[in-house]
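Undergrad: Residue numbers (UniProt numbering), protein chains in the order written: chain A, 1 to 373; chain B, 1 to 373.
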């Protein structure tokens, strides 16, 4: 999979920008505020239809324009012979057709809990080869794997961040996973309501089994798919770990499943009623990254954490490739800051097995394909 | 306020390290994993008695040692003529005196909700000029302001992150604030319990007023102190904004108070009973940083966000100086990564008004006082 060209209109600070990318690796070099990350944001939106950093879609529209467009030419399929022209357009829409009724400042910053941010309403339209499509049909045609410094949360953040990460990978490659995940989440909500009712009104015990069966079924499906991914990442990370520093880095990824079985449900029943909440299952899963037998989150330096994260992103690329038979494009936002020279060089030597777009304030290598912003 | 020397024993990767700092600015330069951040962590622990990155105090002890010591020589008072020798020691302690009873791996990674991380128990002892003190009497003798890349959460994170930030500044300089904050939090908890009781059992209405009076009183005290801080930061940030780039950066900090009054309590009463939770008050406060009239969190580049964050840290230094008549030491962890050359230079020219310790993978200036790790 390759992205040839991208054309941005009124996207963030780029009023009108056309870029061509190298088939191997492109460096986007520019000063702070030049709009380097915005280009990766646009590429990633073409891939997922969502921004990884905007709170509202309308945030990407260059003020005072009314719409913003991203166009991209993609090559895919065997030997990259299939061409796709992808287009995504975001337009502002006044809330309820009457924008001036609202006090904008109040809406944006309100501390009044009942006020919603209606001001940010926008519409999104997508086309494939000039033909309008649904968002669902558009998403995932262009496959990409993104790394931003904020991703460090996967390592240092809460288990919820890690579950979000696993899910985001699996959502991309498996529509069944998404459906199963939705079923699980709905059943979980219902069972928690039931637990509350049981505690407060002492009735509803007879309905527990029904929800527990659904949770057990969908939960173990989720566990199976997550295990498959995490086993793959663990195996591959070990290989990358060796490349990173001639055997010094031993990376191990351990999946910490919160098992969901009839026995565990009986074991936790009383606690769950007291807590009015389901205490076991995939929504309590976590995984641990160890590095030379220590928890990377607690004992790794930030530079080490970043290096391992890039390795993880490359494993993710391999996983998507294995499952979809397409090599995603790697989007690396400022991976070099915080890294010393040795690690910069190792990383640069690792990336060129797929098309890669990298932003940086300075060029870390010679003879590279460079876009200066 | 100046830190002359620091001596680390079994602290993280430093088994035995003695350093002397320059009176103005010291650069700590080293490769990834050399232990640069660990030195700032130690300095900050001498200041606050807590680590800003360890989940458990015992994490800082170099394995397999049983204790870790930080010693620091501080100069303070008028013309920095007072000397203080500060010492902080952390020792491992077996849980319930019997460490081997526990399955360590199970304890550390357990997905079983009832298991606590008892394995990480440790004790902390502090001395001032050789005399044992309470943690309370030790904390704050050495005043410091820390910047780490993770602080970007103050800008891009949730309102809770920003409240935590404001509180951490005020806790440092005002013991009344801490007490008022505790009173507020306790009353809030009680009122939320009461709201739950009212919803479920339709009784307890008569007790609402009691808790609301406490919340109103302590809440408005909190608002007053937070306003004082945020007004100060806003005023100072405007000045630093100009230095940052000859008038280009217009920084504005807007405090978004969630007011707490009798009227608002009546207005929200029904919603609060339905939600079983108090919806107004300082625990819903937020502040917004604008930058050239845009929200920095949504429209600033990461480089811009980092630059403004450093400016914010310098305002914080000024605030502590104004309130305590002591100039805190500035600890800057890797502020240069992600910044272009121009911004690096501007920042370096801004910092030397107080003692500053900076870590970096590369030296960003010539003729600096450097510690090579």
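For glycine and all other residues, C-beta sits at the position ideal for the given N, C-alpha and C.
#1: Taking a cut of 9 angstroms between CB atoms, which residues from the stretch 298-324 of chain B lie near chain A?
#2: In chain A, which residues lie less than 9 angstroms from residue 220 of chain B when you measure between Cβ atoms?
#3: By DSSP, does residue 6 of chain B sit in helix, in strand, or in coil?
#4: With residue 287 of chain A as the anchor, note down where its beta strand (DSSP E) starts and where it stops.
#5: Whose Cβ in chain B lies nearer than 7 angstroms to the Cβ of residue 343 of chain A?
#6: To the nearest angstrom, report how far apart residue 362 of chain A and residue 5 of chain A are at their CA atoms.
#7: If you measure between the beta carbons of residue 138 of chain B and residue 145 of chain B, is that distance less than 8 angstroms?
#8: Is residue 212 of chain A helix, strand or coil when you go by DSSP?
#9: Under a CB-based cut-off of 8 angstroms, is residue 160 of chain B close to chain A?
#10: Using CA coordinates, which residue listed in A:183, A:253, A:351, A:3 is at the minimum distance from residue 77 of chain A?
#11: If you reduce the DSSP assignment to three classes, tell me which class residue 229 of chain A lands in.
#12: Going by alpha carbons, who is nearest to residue 38 of chain B out of B:57, B:26, B:12?
#13: Against chain B, with Cβ distances strictly below 8 angstroms, would residue 121 of chain A count as a contact?
#14: Round the Cβ separation of residue 192 of chain B and residue 276 of chain B to the nearest angstrom and send it over; I've been treating them as touching at under 8 angstroms.
#15: Hey, residue 304 of chain B and residue 32 of chain A are a contact pair by Cβ (cut 8 angstroms); roughly how many whole angstroms apart?
#16: So, at 8 angstroms on beta carbons, what are the nonlocal neighbours of residue 278 of chain A in its own chain, with the 5 sequence-adjacent residues on each side left out?
#17: Between the Cα of residue 47 of chain A and those of A:85, A:251, A:285, spot the shortest distance and give me the residue it belongs to.
#18: Residues in the same chain with beta-carbon distance under 8 angstroms from residue 152 of chain B, minus the five sequence neighbours each way, listed in chain order, please.
#19: Taking CB distances under 8 angstroms as the criterion, tell me whether residue 59 of chain A reaches chain B.
#20: Using a Cβ cut-off of 7 angstroms, pull out every chain A residue sitting near residue 55 of chain B, in sequence order please.
#21: Have a look at A:315, A:244, A:253, A:299 and flag the residue whose alpha-carbon is nearest the alpha-carbon of residue 339 of chain A.
#22: Could you give the C-beta distance for residue 220 of chain B and residue 122 of chain B, rounded to a whole number, given that I count them as a contact under 8 angstroms?
#23: State the CB to CB distance for the pair residue 28 of chain A and residue 358 of chain A, rounded to an integer number of angstroms; the pair is presumed to be in contact (CB under 8 angstroms).
#24: Residue 88 of chain B to residue 323 of chain B, Cα distance in whole Å?
#25: On the three-state DSSP scale, how would you describe residue 337 of chain A?
#26: In angstroms with no decimal places, state the Cα-to-Cα distance between residue 143 of chain B and residue 274 of chain B.
#27: Taking any Cβ of chain B, which residues in the stretch 351-364 of chain A have a Cβ under 7 angstroms from it, in chain order?
#28: Who are the neighbours of residue 337 of chain B on chain A, taking C-beta pairs under 7 angstroms?
#29: Contact check, residue 317 of chain A vs residue 331 of chain A under 8 angstroms by CB: the rounded distance?
#30: Report the three-state DSSP secondary structure of residue 50 of chain A (helix, strand or coil).
#31: Could you pull out every residue in the same chain whose Cβ sits closer than 8 angstroms to the Cβ of residue 199 of chain B, ignoring the five residues on either side in sequence?
#32: So with CB distances below 8 angstroms, who are the chain A contacts of residue 200 of chain B?
#33: Let me know if residue 202 of chain B comes out buried or exposed under the rule of 16 or more other beta-carbons within 10 Å of its beta-carbon.
#34: Leaving aside the five residues before and after residue 108 of chain A along the sequence, list all residues of the same chain whose C-beta is less than 6 angstroms from its C-beta, in chain order.
#35: What number of angstroms, rounded off, separates the C-alpha of residue 101 of chain B from the C-alpha of residue 73 of chain B?
#36: Run through chain A and tell me which residues come within less than 7 angstroms of residue 261 of chain B, C-beta to C-beta.
TA: A quick look at the data gives this:
#1: 298, 299, 300, 301, 302, 303, 304, 306, 307
#2: Result: empty, since nearest Cβ-Cβ is about 15 angstroms, beyond 9 angstroms.
#3: strand
#4: 286-291
#5: 32
#6: 23 angstroms
#7: no
#8: helix
#9: no
#10: A:3
#11: helix
#12: B:12
#13: no
#14: 7 angstroms
#15: 6 angstroms
#16: 188, 191, 192, 195, 215, 272
#17: A:85
#18: 302, 305, 306, 309
#19: yes
#20: 298
#21: A:244
#22: In fact, because the Cβ distance is near 39 angstroms, the residues do not count as touching under 8 angstroms.
#23: 7 angstroms
#24: 26 angstroms
#25: coil
#26: 45 angstroms
#27: 361
#28: 337, 338
#29: About 11 angstroms; that fails the 8 angstroms criterion.
#30: coil
#31: 273, 274, 276
#32: 200
#33: exposed
#34: Only weak support exists for where residue 108 of chain A lies, its pLDDT of 49 falling under 50; the value from the coordinates is given anyway. Excluding residues within five positions, none has a Cβ falling inside 6 angstroms.
#35: Low local confidence applies: a pLDDT of 43 at residue 101 of chain B is under 50, so the model's placement there is unreliable, with the coordinate-based value given in what follows. Approximately 41 angstroms, taken between the alpha carbons.
#36: Within chain A, no residue comes near residue 261 of chain B; the closest Cβ sits about 13 angstroms away, beyond 7 angstroms.
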